[in-house]
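A.B. asks:
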Amino acid sequence: FMPDLAVFDLPCVFDSLDDCRETIDDPDFYSLISDVYEDGGYHLLGMADQGFRVMSTNKKISSFSDFKGQKIRTMENSYHLAFWKSLKANPTPMSFSEVYIGLQQHTIDAQENPYEVIVSNRLYEQQDYVVETNHLPHLISLIVNDKFFKKLPEEDQAIMTEAAKIATEYAREQSDARIADRVATIEESGTQIVELDDETRAKIRESSSNVYDSIKKNIDGKIYDSYMKNNE
Numbered sequence: 001f002m003p004d005l006a007v008f009d010l011p012c013v014f015d016s017l018d019d020c021r022e023t024i025d026d027p028d029f030y031s032l033i034s035d036v037y038e039d040g041g042y043h044l045l046g047m048a049d050q051g052f053r054v055m056s057t058n059k060k061i062s063s064f065s066d067f068k069g070q071k072i073r074t075m076e077n078s079y080h081l082a083f084w085k086s087l088k089a090n091p092t093p094m095s096f097s098e099v100y101i102g103l104q105q106h107t108i109d110a111q112e113n114p115y116e117v118i119v120s121n122r123l124y125e126q127q128d129y130v131v132e133t134n135h136l137p138h139l140i141s142l143i144v145n146d147k148f149f150k151k152l153p154e155e156d157q158a159i160m161t162e163a164a165k166i167a168t169e170y171a172r173e174q175s176d177a178r179i180a181d182r183v184a185t186i187e188e189s190g191t192q193i194v195e196l197d198d199e200t201r202a203k204i205r206e207s208s209s210n211v212y213d214s215i216k217k218n219i220d221g222k223i224y225d226s227y228m229k230n231n232e
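Put into C-alpha cells, the structure is as follows:
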C-alpha cells in the first residue's frame, strides 16, 4: 500500500488525455512517483492508460443536479466514495462480478469504469446513457521488482527501460483507437453518449473540493503540487 499514489484519485483534474499524459511524463513528477514505487519495492518502467473513467447510467445527466440520488457502484475506495457523495449521488461499493446483474435488476442505477471495461463486460446493454464524466484517468503502471531490476547488468536495464518506453507509447496509441471503437459499439447499440458542458464540469470540480483537501493532507506535498501545477 502506497498512500502517495492517492494523487491519482484527485477527481476531474484534466481536460484531456493529452494533458494527463503530459503531466505523467513530466520529468519532475515522474521522478517523484518513481521514488514512491521504489519505496514500495518496485521499479517504475512506465505508465500507460485506458483513457478516462466514465459513468454509465439509466438516468440521463443533463446538469449537475441530475447526479443527485443516483445509486452508483464504485470500488471500495474512500476517496472515490467521497467524490460521488460530493455530487449528492449514492455511491455503493459492490464486487465487480455483481455489477451486470445489479444493473439488470435495478439494484444500482449506474457504475463507472473506462470504456474498455464497459464494452468488454457488456455493461452498456443494461444502460441508457454513458456520461463522459472523465473524472479519473485509468492508469496502468508498468513495474518490476526493484531488487530484481537493480541486479540486472546496466545494459539489460537500459534495454528493459527502452522497451517499456516503446510499450507505453504503443499502449497509448492502441488505447485511443480502442476507445473510438468502443464508443462506436455503444452508440450502435442505442445507448447514448453524453458529453458534459463546461458549466457542469466546473460545478463537479467545485463540489469535490473536500476530496482535494483530504488527499492533499494525506500525500507528499511535492507530489500534489507537481501533479497540479498546470491544472489548478
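Per the numbering used here, the sequence shown runs over residues 1 to 232. Beta carbons are placed, not taken as given, at the ideal position from N, Cα and C, and that holds for glycine.
Could you name the residues that DSSP lists as bridge partners for residue 56?
C.D. replies: 111 and 130.
A.B. asks: Between which residues of its own chain and residue 85 is the CB-CB distance below 7 Å, once the five residues before and five after are set aside?
C.D. replies: Answer for residue 85: 91, listed in chain order.
A.B. asks: Below 8 Å, how does it come out for the segment 109-123 and the segment 6-26: are there three or more Cβ pairs, yes or no?
C.D. replies: No, the segment 109-123 is not in contact with the segment 6-26.
A.B. asks: Between residue 80 and residue 89, what straight-line distance do the alpha-carbon atoms span, to the nearest angstrom?
C.D. replies: In a straight line, the C-alpha of residue 80 is about 12 Å away from that of residue 89.
A.B. asks: Since residue 85 sits in a beta bridge, which residues does DSSP pair it with?
C.D. replies: Beta-bridge pairing links residue 85 to no other residue.
A.B. asks: Given that a residue counts as buried once 16 or more other Cβ atoms are within 10 Å of its Cβ, and exposed if not, what is residue 161?
C.D. replies: Exposed: under 16 other Cβ atoms inside 10 Å.
A.B. asks: Please list the segments of the alpha helix (DSSP H) lying wholly inside the segment 134-163, counting only runs of 4 or more residues, in order along the chain.
C.D. replies: Segments of the alpha helix (DSSP H) lying fully in the segment 134-163: 146-151.
A.B. asks: Hey, quick one: how far does the alpha helix (DSSP H) through residue 222 stretch, first residue to last?
C.D. replies: That run of the alpha helix (DSSP H) goes 221-228.
A.B. asks: Could you have a look at residue 190 and say whether DSSP puts it in helix, strand or coil?
C.D. replies: Coil.
A.B. asks: Starting from the Cα of residue 190, find the closest Cα among 229, 130, 93 and 144 and give me that residue.
C.D. replies: Considering only alpha carbons, the answer is 130.
A.B. asks: Would you list the one or two residues that DSSP bridges to residue 43?
C.D. replies: The partner list for residue 43 (beta bridge, DSSP) reads 144.
A.B. asks: With a cut-off of 8 Å, do at least 3 Cβ pairs link the segment 178-186 to the segment 112-127?
C.D. replies: The segment 178-186, when compared against the segment 112-127, does touch it at the 8 Å Cβ threshold.
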